[in-house]
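Counting in UniProt numbering, the sequence shown runs from 1 upward without gaps.
Please read the structure below before turning to the comments.
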Amino acid sequence: MGEKTITEWRIIGVSGETVDGRQISAAELKQMAEQYDPEIYGARINLEHFNFLFPGWGGGYGDVLELKAEPWSKDKTKTALLAKMSVLPNLQELWDEGEKIYTSMEITAPFADTGKAYLTGLAITNTPASLGTTANFSRAVLAAGVKNSKLSDYRISEKQGETMSQNQTPASAEDQPLTKSEAEGIFSRLLAKFSKSEPEAKPEPQTEDIQAGGADAGMVEELKKEYAAAAELIEKLIEEKESQKSDFAALRKEFDELKARLENEAYTGEREPHVGADDKDKAIVGW
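Printed below as a string of structure tokens:
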């Protein structure tokens, strides 16, 4: 697993309006600070509010150990929620590269039978919604004397995996379809990150190691096939949606033409003459 690092107190949220127009309640931040207990429910650190599994990777980056609330140093009328975190080496590596240096809270309210808010997760991100989150720069940068930034980047919208407070309303945004190339790009980046392995310094690998490596490679190939199938399905759905738009446009055009013709034609009240039928046994069709 590797050696864990315990951080100092770091701001993970500030009460008031977020950059995307939602509200973070000071009362909820205080409730989370008062209630938080890892032995009751521990908040794990995740990537961008996603929880997924890949071979050899369990999806966690660490844990929140403690919480406390206090007036925000930039504006004493607002409340800041601070956390101490237990950070795994994989997260420290990201921070050393300057990636995902901010945090984004996952608030559940009400939590269980308490009737109060609780921190159930914490995501690492480059685009937090809350103001004032502490930037977790690498240890090398901090040692060089660079101070932590206290102002977050702009966040358009939260990820779907986020658990939001019932008192928060996400900003409205028009859903954009995911293209095949975008889907394949996401999957390929994830595979490149989590399926790569460092070569071991063993000159003569054992047969069992070779078999295990082959099994991992087979699993990666299966994942690639599944992701390719998913991307193909997404592309088909996009094509069907575009086809439906075209059909609707054609029907709309026909309707508009019929409406215009009916509005422009003069109505006389007359009808076509009825000519009857040659055979009296035949039914006479008329008005």
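Every residue gets a Cβ at the ideal spot worked out from N, C-alpha and C, and that includes glycine.
Is S73 buried or exposed, if buried means 16 or more other CB atoms sit within 10 Å of its CB? Answer is exposed; the Cβ neighbour count stays below 16.
Under 8 Å between the Cβ atoms of Y61 and I124? Taking 8 Å as the Cβ cut-off, Y61 and I124 qualify as a contacting pair.
Could you work out which residue in K68, I11, R10, G21 is closest to D37 when comparing CA atoms only? When K68, I11, R10, G21 are compared, the shortest CA-CA separation from D37 is found for K68.
DSSP state of F247 mapped onto helix, strand, coil: The sequence given here has Asp at residue 247, not Phe. DSSP, read as helix, strand or coil, puts D247 in helix.
Could you check the C-alpha separation between I11 and E240 for me, to the nearest Å? When only Cα atoms are considered, I11 and E240 end up about 46 Å apart.
Is the beta carbon of P71 sitting closer than 8 Å to the one on T103? Contact: no.
Measuring alpha carbon to alpha carbon, tell me which of A26, T5, I6, I238 ends up nearest S15. Nearest of A26, T5, I6, I238 to S15, Cα basis: A26.
Length-filtered (3 minimum) beta strand (DSSP E) runs lying within the stretch 36-106: Unbroken beta strand (DSSP E) runs of no fewer than 3 residues, entirely contained in the stretch 36-106, are found at 44-47, 62-72, 75-87, following chain order.
Go to V14, then tell me how far its beta strand (DSSP E) extends in each direction, as first and last residue. First-last of the beta strand (DSSP E) with V14: 10-14.
Limits of the unbroken beta strand (DSSP E) element including G121: Following the DSSP letters along the chain, one finds G121 inside the beta strand (DSSP E) bounded by residues 118-125.
Where DSSP assigns a beta bridge to Q31, which residues make up the other side? According to DSSP, Q31 bridges with nothing at all.
Which whole-angstrom value describes the C-beta separation of T120 and Q35, a residue pair presumed to lie in contact below a C-beta threshold of 8 Å? With a contact defined as Cβ atoms closer than 8 Å, T120 and Q35 miss out at about 11 Å.
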